[in-house]
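J.: Chains as they are written, first to last, in my numbering: chain U, 1 to 563; chain X, 564 to 915; chain A, 916 to 1303; chain W, 1304 to 1491.
We treat Cβ as the ideally placed atom computed from N, Cα and C, and that holds for glycine.
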Amino acid sequence: MTVLTRGAYAAPGTSLDFKTGNWRSTEKPVHIHAKAPCHAACPAGEDQQAWFAKLQEGHVEEAWRELVSANPLPAATGRVCPHPCETACNRKDVDGALAIHNVERWLGDEAIANGWAYPVEPPADDAPTVAIIGAGPGGLSAAYHCLRQGLKAEIFEALPEAGGLLRSGIPRTRLPREPLNAEIDRLLALPGITLHLQTRLGRDVSLAELKASHAAVLLAPGCQESKHWDVGGAVPSDLHEGLSLLREFMDHGQFPEAHNVVVHGGGNTAVDLCRLMKRAGSEHVTLITASGLPGPDTDPDDLINVVPRELDEALEEGIEIIDHATVNRLIMKGSKVTGVEVVSLKKEPSASGRKRRVSFEGTERVMEADMVIPCIGERVDPDGLNHLLDGSYFWPDSPFGKLEDGVYAIGDARGDRGTVAGAIGDGAKAVEAAAAHIAGRPQPTLDTRAEMASTGLNPVYYALSPRAEPPKVPPEARTFTTEIEGDIGRTAALAEAQRCLSCGNCLACDNCWTLCPDNAVIKTQELASDGSHYLFDLDYCKGCGLCAHECPTGYIQMVPETA
Amino acid sequence: MQDQARLAELRQKFGREPAAPSEPTAERTPREAQPRFRGLESGHRACQGCGEALAARLVMESAGPDVMVANATGCLEVFTTPWPQSAWRVPWIHSLFENSAAVASGMEAAMKAKGQNTKVLAFGGDGGTYDIGFQALSGMLERYHNILYVCYDNEAYMNTGIQRSSSTPHAATTTTSPAGKERMGKRHLKKDLLSIIAAHHIPYAASASVAYPQDLQRKVRYAMGIDGPTFLVVHSPCPLGWRHASALTIEVARKAVECGLFPLVELERGAVTNIMPIRQVRPVTDYLKLQGRFAHLTRDGDPRAQEERDHLQALADYNINVFGLAGDGDDPVDTSGITTVGRGGPLAGRPQ
Amino acid sequence: MREALEGSQAIARAVSLCKPDVVAAYPITPQTHIVENISKLVAEGDLHTEFVSVESEFSAASVVLGAAAAGARAYTATASQGVLLMAEVLFNIAGMRIPLVMTVANRAVSAPLSIWNDHGDSMAVRDSGWIQLHAADNQEAVDTTIQAFRITQETELPVMVCMDGFILTHTLEVIDLPEQSVIDDFLPAFEFNRRLDPADPKSLGTLVDPGYFAEVRHSHHAAMQKALSVIKDTDSAWETATGRACGGLLTVEGDPGAAVGIVAMGSTVGTLRAGMAHTPEAGPAKLIKLRAFRPFPTQALIEATQGLDHLIVIDRAISPGLGGILGTEIAAILADVPNAPKIHNHALGLGGRDIPETIYADLIEAIKDPDAPLIFDADMAKLAPEDR
Amino acid sequence: MIEFRIHGRGGQGSVAAAYLLAAAAFEAGMMCQAFPAFGAERRGAPVTAFVRIGHGPIHLRSQVRTPDWLIVQDNSLLIDPNLTAGLKAGGSMLVNSGRDSAEVAQTFGCRALCVDATQMAVEEIGRPIPNTALLAAFLGLTGILPLDALATALKGRFHGKVLEDNLRLIERAAQSVPTGAWKETEDA
């Protein structure tokens, strides 16, 4: 029996005997570790938030190591990637997305300059060897991830140099040779990677041999064959196909002369070509694309697949773009083209669900042209791979690229790819699956965590801070060889890191600890079991939801009591 | 020296500071090892999302263990001390509704008489401060007691079930200022208490809000360092009385500041010495629409609602003009009171 | 040392001898001279105390509550409206069992406004749970004030020392003020183990639910009953220290064989004593001077009234609609006592009405008059017929 | 027991006179009691104060209804026919007045003496406060208490020049009346 105290005084802190936790009727707070949208959007599988966290602490090398745990070629991707991470960045509607792309490049360049070692160990002498077809970004990534999985890698490349599309399909104004060579050389120098140049599948080696001699085969051949292009059966006699024109230019430094150029297509190659032709002296360069230009109402499916920055630069340089259109007819004088008839067109939904292209009668118009360049994409060279292709590409069912046991597809050769970063991500995933296959482990699964939308954040806690922009060569000073975009620099890179909202993950801001009216958030000195610094004391938490509402990052969410 | 030894003993006993790395911490529970003074402990019986409980907890953390508290009758008193339990870890006394300032005066006189330095705090709600305890408060200030008086302002008599006080904002509904065919909630204005307090020419008087805990705690620490009467009014939303979701307590408090209806200002010897500029001034409707007590003001098509909204907007504009609250983004003080976050906590890792 | 002192001045000096840490008071007639004299002692440096000049009696009571709770010996004084303005705090002080001392310079309660003496004020707070001791003269007031500090400390019950306003407070008489060393020996240093202390931070003034409130009140009542012996013992100790007693709970004087007894509190006792001496023709009486009104010395009163046929109970306040307060209480006490005297209850001296020494004979005479009025000295001729 | 009633006007020191007289009695080894007729009056209004002195304890606390002595501090009060109400047979009245004593005695039907105490006070202490002079004259007349006792009581209340002036004043006032003229009623 509790005995009355004189005057009914109470002893300090005795309210702890009264567990208010049972007042929680419906919901309790939990830490959810949602995926940040940058991470979710990154085809290479980078966790930008994680490496920005290291940068915030001022640990640049650690940030790079964190970055290359997914992507071994940041100096390259930091120059060529269309950075869907920035498009997804929740900060874009506040004061501009983080300049993830530029910081990535800076980190990659820093690693080259400082000779930082990749975070891999040499594989054991008796480690299984994986065969990799193609030394483009996908193949290189796969080789690197083999080392991370304790496997050896043997790369077979048809060309005399490694680099694939990075070397052959991207102008130096975007990706100069020096960082590309340095990064590829550093990677290929890692013990455990063997490279066979000028070794072509179907000619020098066969898939069956490789399957027999290696623990797994990873196919990263890229797309080397231009797709056939004609307009109603007509083909100009002097037809220059886009990618080969670009390769030619990059090998010889010259373009055929033309005054009015029409480029037909909607990818980076098309835009690169437009800009180079313009710079080479063509008076009018027009891009005709079936896709839409970026805008508030543009459906992501409909959006032109070009690095936004590049598109801006192209417009800046005077390239004309006709969107939602196609070349309906070539106007020929003999076998030479003198003009094109353009018609408006849109991708409309069809009964099957796949989009179909519908051109609209009555919108035809004619424009002058003395050169038409199709830039509608390439297909996989079918040599030695015929039985694995479905049309022009591989179409693996698995996100890990598995075509059959021990054989995986990587990169552009997959019908659903199209970026360097995607190829790099494929390399990592394919190796992960292959390693599991080799070791007899269960196949890996995808990270299915929810993505943290901007609506899940509480933006008031973030001080406004404008996005850093790198220096750029002005349009009039641009050449064929000088890199247009400059280095963001250390100061700006570190400042950008501070702008990371840490979407969906704890940034140890103390808000929950500070704002709990019930003192039911406990701060821990060591990391709590869930990796944060905070515990919910459910003995006292009344479930008001204040911590979740005031969590800047959406890391705290209220879930049903029974969950 | 003696004070230091005593403080050390108190800290040891009540876990005011984190243990140094060399100290053994194994015997302390995580709760005991909290790197802050737990003056107001868990297990109190405040409503979910109670702004007053939060405000009191923040005040106690900054005030520290070497204090004693006189608490007026009200929610805070009732929910913290249902015998035989108490949520307080400092010496604390509740006497009556209207006399916390006077009881505190006596405590302070006792400390003076005995040559002790323990700081005396007096707590009251808006009822106990703006209304019934106003006289005792005025006397306390005039007599220049070394007391920090904290008013937890939730703008009505919440303890008795939401009756209007002189702190209730104009046009807010309470059970004694309901809206109806003839009335649009409270007919009168919120009393400008801070000006009256400041007119006592005391060293320091300030307003604070639970939405800005760092600012609030800075003000408490500042007041604690003053030997003389100081006054702090803390805007403390009441989810029950203001009729908003319990998770929105901070949001509502923040909007009150951002729209200008609850200016955060500091006055020394009656003169305004600091204000917290509003980073982005919001219309009062942003604040009103979150709360059921203003629901009658957000009805479409009611000209009376429009008029009262405009009235409240005019009052907010008045505050903004009088105190110069409209913030300029480039102003270095713009974010001084605003809690912003970065990895590793509010102060860590911010670019200087 | 014997001195000719005004009552208020004597009280101020007595309080000063007890070395209070905190004094808080608000001036009100007829208490004013007490606080003025204390202020003067402070101003002259003769009394080292925190003198808090509050803005109301309500705050005066609140300040001494806070001071005592914080471990200080605390004192206040008031009267009349001041008592009523304090009322809420007085209940609170007692309910929290806070030890402190207050002088009430008894005065009538308005309306109509009257600055003169009666007991309406202290009677209005008789249920507040305070010890109430009445002084019959200024020497008793001084001695009781000093004793009160010891009693409150021992019982953890607040003590109200009641002295008739003007009649005592403003009367100069010969007072023996003890030496400081006598007080220092008599009165232990102030200790209050429930005090507010950061080293042992208790919470005082909690919310008590119905499951324990009855026990709170019981313990308070029990403490009051235990205080009876403390009051008595303290007076004995005082007598040992000074050779002077105040009469413990109550004293009986006059003719021990008399059939008539008179009970009175405060300064009335002296006048009745003089009347008895100067009008022997009225007959003898047993004069019962009641010192402790709360706690009520029930047993002592029963013993004192044994053998009496008539007991005249003098009130200096009434409970309108019932009668005299002391009279009603004593009637209730004696109701079950065999052969209890017949009670004649009269109120005298309301609102400062002067009580002449002839009152003694008049009261004795009135025993024979079954219609003797409750308010004994009220003159019906002064009332309109419909107001009689 | 000897009872006194002192009549005056607010500001003339009537209550102080009562206290001084009682204090003087205490100094002379007697018991004493002095108190005002408590009123809410302000400066200028009639004021009454009472003194009882005796060799034994004084219990009675009523106002003095049957005084042995009256001391009247203000000439203007002589218009009140009730001034001498209750004055014991053979009681006497000392009046601060320039009027003829016999005339006053005849008016009120008692022994009376007029002394211009105000004039003496103005001359000696520079203020028209007649109380100490009247008390001194009274003691000179009656010999109830030695003048030294009053001087001692004054020393308990005043200091410095005020005290010196008053000591001179009471000496002069005591000598201004026929010493011991009313002595026979000392034990009335």
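With 7 Å as the C-beta to C-beta threshold (strictly closer), list the residues of the segment 1328 to 1348 of chain W near chain A in chain order.
T.: Phe1329, Met1334, Cys1335, Gln1336, Ala1337, Phe1338, Pro1339, Phe1341, Ala1343
J.: Would you kindly work out how many angstroms separate the C-alpha atoms of Gly997/A and Lys542/U, rounded to a whole number?
T.: Indexing the third sequence from 1 puts residue 997/A at position 82. Indexing the first sequence from 1 puts residue 542/U at position 542. About 46 Å.
J.: With burial defined as no fewer than 16 other Cβ atoms inside 10 Å of the residue's Cβ, what is the status of Glu378/U: buried or exposed?
T.: Stepping through the first sequence from its first residue, residue 378/U is reached at position 378. It is buried - the Cβ of Glu378/U has at least 16 other Cβ atoms within 10 Å.
J.: Does the distance from the CB of Gly1239/A to the CB of His1261/A come in under 8 Å?
T.: For the purposes of this step, residue 1239/A is taken as residue 324 along the third sequence, with counting starting at 1. For the purposes of this step, residue 1261/A is taken as residue 346 along the third sequence, with counting starting at 1. Cβ distance < 8 Å, so Gly1239/A and His1261/A count as in contact.
J.: The ligand MG heavy atoms versus the CB of Pro1125/A: any closer than 7 Å?
T.: The ligand MG is not part of this structure, which contains no ligands at all.
J.: Just grab the DSSP bridge partners of Leu330/U for me.
T.: For this step, residue 330/U is matched to residue 330 along the first sequence. Answer is Val340/U, bridged to Leu330/U.
J.: Note down, in chain order, each residue of its chain lying with its Cβ closer than 6 Å to the Cβ of Cys146/U, except the 5 sequence neighbours on either side.
T.: What you label residue 146/U is simply residue 146 of the first sequence in a count that begins at 1. Result list for Cys146/U: Val130, Ala153, Val431, in chain order.
J.: What residues from chain X crowd round Asn1007/A, counting only those whose CB sits closer than 8 Å?
T.: Stepping through the third sequence from its first residue, residue 1007/A is reached at position 92. Neighbours of Asn1007/A on chain X, chain order: Ser658, Leu659.
J.: Helix or strand or just coil, what does DSSP make of Tyr144/U?
T.: To locate residue 144/U, count along the first sequence from 1; it is residue 144. It is helical.
J.: Taking 8 Å as the threshold (beta carbon to beta carbon), is Phe1107/A in contact with chain X?
T.: For the purposes of this step, residue 1107/A is taken as the residue at position 192 of the third sequence. No, Phe1107/A does not count as interfacial toward chain X.
J.: Tell me the rounded alpha-carbon separation between Ser758/X and Trp513/U.
T.: Counting from one through the second sequence, the residue named residue 758/X turns up at place 195. Counting from one through the first sequence, the residue named residue 513/U turns up at place 513. Whole-angstrom Cα-Cα distance: 34 Å.
J.: Rounded to whole angstroms, what is the Cα-Cα separation between Ala911/X and Asn511/U?
T.: Looking up residue 911/X in the second sequence gives position 348. Looking up residue 511/U in the first sequence gives position 511. Summary for Ala911/X: the model assigns pLDDT 38, below 50, so the residue's position carries little reliability; its value from the coordinates is reported in the next sentence. If you take the alpha carbons of Ala911/X and Asn511/U, they lie about 13 Å apart.
J.: Can you find a CB in chain A that lies within less than 8 Å of the CB of Met674/X?
T.: Stepping through the second sequence from its first residue, residue 674/X is reached at position 111. Yes, because at least one Cβ of chain A sits closer than 8 Å to the Cβ of Met674/X.
J.: So, under 8 Å CB-CB, Gly164/U and Gly192/U are touching, yes? Tell me the CB distance rounded to an integer number of Å.
T.: Against the first sequence, residue 164/U aligns to sequence position 164. Against the first sequence, residue 192/U aligns to sequence position 192. In fact, because the Cβ distance is near 20 Å, the residues do not count as touching under 8 Å.
J.: Ordered along the chain, which non-local residues of its own chain (more than five positions away) have a Cβ less than 6 Å from that of Gly688/X?
T.: Taking the first residue of the second sequence as 1, we reach residue 688/X at position 125. Counting only Cβ-Cβ distances below 6 Å, and skipping sequence neighbours, we find Gly637, Tyr715.
J.: Going by alpha carbons, who is nearest to Leu1000/A out of Ala976/A, Ala1020/A, Met1017/A?
T.: In the third sequence, the residue the question calls residue 1000/A occupies position 85. Nearest C-alpha to Leu1000/A: Ala976/A.
J.: Roughly how many whole angstroms lie between the Cα atoms of Trp106/U and Thr643/X?
T.: In the first sequence, residue 106/U corresponds to position 106, counting from 1. In the second sequence, residue 643/X corresponds to position 80, counting from 1. One C-alpha to the other measures close to 56 Å.
J.: Please return the same chain residues whose Cβ sits closer than 7 Å to the Cβ of Cys38/U, not counting the five positions on each side in sequence.
T.: The residue given as residue 38/U occupies position 38 in the first sequence. Gln48, Gln49, Cys85, Ala88, Cys89, Ile100, listed in sequence order.
J.: Counting contacts by CB-CB distance shorter than 8 Å, is Lys1141/A in contact with chain U?
T.: Locating residue 1141/A in the third sequence gives position 226, where the first residue counts as 1. Judged by the 8 Å Cβ criterion, Lys1141/A is not in contact with chain U.
J.: Please classify Ile1382/W as buried or exposed, where buried requires at least 16 other C-beta atoms within 10 Å of its C-beta.
T.: What you label residue 1382/W is simply residue 79 of the fourth sequence in a count that begins at 1. Result: exposed.
J.: Alpha carbon to alpha carbon, how far is His1362/W from Met721/X? Give it in angstroms, no decimals.
T.: As a first step, residue 721/X is located in the second sequence; it is residue number 158 there, counting from the start. As a first step, residue 1362/W is located in the fourth sequence; it is residue number 59 there, counting from the start. Met721/X and His1362/W: Cα-Cα distance of roughly 58 Å.
J.: What would DSSP say about Asn102/U, mapped onto helix, strand or coil?
T.: Here residue 102/U corresponds to residue number 102 of the first sequence, with the count starting at 1. Helix, per DSSP.
J.: Looking at the strands, I want to know which residues DSSP matches up with Cys375/U.
T.: Position 375 of the first sequence, counted from the first residue, corresponds to residue 375/U. DSSP lists Gly265/U as partners of Cys375/U.
J.: So which of Gln498/U, Glu313/U, Ser350/U, Thr338/U has the shortest CA-CA distance to Asn260/U?
T.: To locate residue 260/U, count along the first sequence from 1; it is residue 260. Here the closest residue by C-alpha is Thr338/U.
J.: Between the alpha carbons of Ala1250/A and Gly1242/A, how many angstroms are there, rounded?
T.: For the purposes of this step, residue 1250/A is taken as residue 335 along the third sequence, with counting starting at 1. For the purposes of this step, residue 1242/A is taken as residue 327 along the third sequence, with counting starting at 1. Answer to the nearest angstrom: the Cα atoms are 12 Å apart.
J.: Which stretch, first to last residue, makes up the alpha helix (DSSP H) that contains Leu1122/A?
T.: Locating residue 1122/A in the third sequence gives position 207, counting from the first residue. Segment: none, Leu1122/A is in no alpha helix (DSSP H) and carries neither H nor E.
J.: If we ignore side chains and look at the alpha-carbon of each, how far apart do Ser465/U and Val235/U end up?
T.: Position 465 of the first sequence, counted from the start, is the residue given in the question as residue 465/U. Position 235 of the first sequence, counted from the start, is the residue given in the question as residue 235/U. Straight-line Cα distance between these residues: approximately 53 Å.
J.: Taking Gly1120/A as the query, report the chain X residues whose CB atoms sit under 7 Å from its CB, ordered along the chain.
T.: The count along the third sequence starts at 1 and reaches residue 1120/A at position 205. Those within 7 Å of Gly1120/A in chain X are Ile656, His657, Ser658.
J.: With 8 Å as the threshold, decide whether the Cβ of Leu1363/W is near any Cβ in chain A.
T.: As a working note, residue 1363/W is residue 60 in the fourth sequence. So yes, Leu1363/W belongs to the interface.
J.: With 8 Å as the threshold, decide whether the Cβ of Pro1113/A is near any Cβ in chain X.
T.: Counting from one through the third sequence, the residue named residue 1113/A turns up at place 198. By this cut-off, Pro1113/A is an interface position.
J.: May I ask you to report which of helix, strand or coil DSSP gives Tyr461/U?
T.: Locating residue 461/U in the first sequence gives position 461, counting from the first residue. Three-state result, Tyr461/U: helix.
J.: To be precise: take each residue of the segment 545 to 558 of chain U, compare its Cβ to all Cβ atoms of chain X, and keep it if any distance is under 9 Å. Which residues remain?
T.: Gly545, Leu546, Cys547, Ala548, His549, Glu550, Pro552, Thr553, Met558
J.: Rounded to whole angstroms, what's the CA-CA distance from Pro1339/W to Val1350/W? Just pull it up for me.
T.: Within the fourth sequence, numbered from 1, the residue matching residue 1339/W stands at position 36. Within the fourth sequence, numbered from 1, the residue matching residue 1350/W stands at position 47. Going by the C-alpha atoms only, they are around 8 Å apart.
J.: Can Tyr990/A and Val979/A be called in contact, C-beta distance under 8 Å?
T.: Against the third sequence, residue 990/A aligns to sequence position 75. Against the third sequence, residue 979/A aligns to sequence position 64. Yes, they are a contact pair.
J.: Interface residues of chain U around Val1131/A at Cβ under 7 Å?
T.: Counted from its first residue, the third sequence places residue 1131/A at position 216. Simply Leu4, Ala8.
J.: Using beta-carbon positions only, say whether Arg1471/W and Glu1427/W come within less than 8 Å of one another.
T.: The residue you call residue 1471/W lines up with position 168 of the fourth sequence. The residue you call residue 1427/W lines up with position 124 of the fourth sequence. A contact, by the Cβ cut-off of 8 Å.
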